[in-house]
Every structure is written in structure tokens, then in C-alpha cells.
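A.B. asks:
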Amino acid sequence: INLGWGVETIFPYENKLFIGTNRGMHIFNASDAANPVKLSTYSHVFACDPVVVQGKYAYVTLRTGNMCRQATNQLEVVDIEDPSNPQQVAVYPMQNPHGLSVSGKNLFLCEGNYGLKTFNITDKKLIANNLLQHLKSIKSFDVIAGPKSLIVTGDGGVYQFNYTNPNSLLQLSKITIQTSPLSNFWK
40 INLGWGVETI
50 FPYENKLFIG
60 TNRGMHIFNA
70 SDAANPVKLS
80 TYSHVFACDP
90 VVVQGKYAYV
100 TLRTGNMCRQ
110 ATNQLEVVDI
120 EDPSNPQQVA
130 VYPMQNPHGL
140 SVSGKNLFLC
150 EGNYGLKTFN
160 ITDKKLIANN
170 LLQHLKSIKS
180 FDVIAGPKSL
190 IVTGDGGVYQ
200 FNYTNPNSLL
210 QLSKITIQTS
220 PLSNFWK
């Protein structure tokens, strides 16, 4: 597969690959791992584009920033039940969304300098109305949800949170990491 430059994320889900690029989300059938077949592309304006998938929905963040100019700051929900014809379900304005992760009915969204947000995503058309928690004190850039805990990276280091109560994340640990001169590159 040659997608050129601008690949942000590769998210495998079931027998498909969801590839977030700065021009859109590509969906490939990966049943034959040696020969993936392109099913479709969900296009958007030039933007940084992480993507995660759960069930029949993909969650895509678009943001402005150093390398991600000419864009808006938003979360898009895309129906991928028919992967050859992805359809936008909803768009929600955000402050500066970066990485995201989904687990069950929870979406965890990093807002860069604006913190970490937890949403209930049961109703895809009302996600913005279902903000469960907003941790403004953590500059967050990426998040991975495990069965009960989150790993969050940010300016201050790497954090671990228990999210069994998604309304009140419990910080379990923090590893402080000295930032490199290149750390501002993707912000």
C-alpha cells in the first residue's frame, strides 16, 4: 500500500485497517494481510487525523496546529457499517483535539493544552452533551484505553488513570519525562 505522506494512524479493527491521514481516512479490507484491498476513502480538509473504531463507528479528530494548518478543531463520527461507503453522522467542535481512544460507551479525547475529556458515546448524535469529565490540568496528546485503565501522554510525562468510574478518573501513576526540543513539533 502506498499512501504517500501524511499517515497519522493505522487502526486495525476486525479484518479491516482504518488509516488516518492528513487528507482523510482510508478503509482497507485486510482479510488477506499480504494483499489488503482499498474499500473507500472518507475525505476531509488538510488536517492532522487520528482515528479509532468501535463497532460500526469511526471517531476522527481534526485539528489545527504546526503541521495541521487549514483545518478546524473537531471530532467527527463516521458510520462505517458499509465500509465502502462511510457516512458522517455528527461533527462536534473541539478546542485542539489530538489522540483519542474508545472503550465501551466511553470516548477519551486529548485536547492538547486544553486537557483530557471523557465522553459517553451511547448516543452518537449527542456526544457533546455527554461530557463526563474534563481534566484541564493535564496537557494531553495521546491516550490508550486498556480494560480498566488509560495510558495518557502529555507535556508532563506519561500518566495512568483508572476509569472504572468515567465521571471521575483516578490517577494511578505518573512518569515524568524531560521534553525534547522536538516535542513541540506535533503540538
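Per the numbering used here: the sequence shown = residues 40 to 226.
Backbone N, C-alpha and C fix where the C-beta goes; we use that ideal spot for every residue, glycine too.
Does the Cβ-Cβ distance between residue 151 and residue 177 come in under 8 angstroms?
C.D. replies: Not in contact: residue 151 and residue 177 (Cβ atoms no closer than 8 angstroms).
A.B. asks: Do you know offhand how far residue 225's Cα is from residue 166's?
C.D. replies: Note that residue 225 scores 48 on pLDDT, short of 50, meaning its location in the model is unreliable and no value can be drawn from it.
A.B. asks: Would you call the CB atoms of residue 191 and residue 214 closer than 8 angstroms?
C.D. replies: The answer is no: Cβ separation not under 8 angstroms.
A.B. asks: Which full runs of the beta strand (DSSP E) of 3+ residues lie inside the segment 116-201, going along the chain?
C.D. replies: List check, beta strand (DSSP E) in window: 126-132, 139-142, 145-149, 155-159, 170-174, 179-184, 188-193 and 196-201.
A.B. asks: Could you tell me which residues DSSP pairs with residue 51 in its beta bridges?
C.D. replies: According to DSSP, which records beta bridges pairwise, residue 51 is partnered with 56.
A.B. asks: DSSP three-state call for residue 208: helix, strand or coil?
C.D. replies: In the structure shown, residue 208 sits in coil (DSSP, three-state: anything other than H, G, I, E or B).
A.B. asks: Check each candidate in 172, 56 and 217 and name the one with the smallest Cα separation from residue 93.
C.D. replies: Nearest option by C-alpha distance: 56.
A.B. asks: Does the Cβ-Cβ distance between residue 115 and residue 95 come in under 8 angstroms?
C.D. replies: Contact: no.
A.B. asks: Return helix, strand or coil for residue 95, following the three-state DSSP convention.
C.D. replies: Coil at residue 95, not helix or strand.
A.B. asks: Based on the DSSP secondary-structure assignment, which residues constitute the bridge partners of residue 66?
C.D. replies: According to DSSP, which records beta bridges pairwise, residue 66 is partnered with 57 and 79.
A.B. asks: Specify the secondary structure class of residue 217 as computed by DSSP and reduced to three states.
C.D. replies: In this structure, residue 217 counts as coil in the three-state DSSP scheme.
A.B. asks: Since I believe residue 81 is in contact with residue 125 (beta carbons under 8 angstroms), could you give me their beta-carbon distance rounded to a whole number of angstroms?
C.D. replies: That belief holds up - the Cβ atoms of residue 125 and residue 81 are roughly 4 angstroms apart, short of 8 angstroms.
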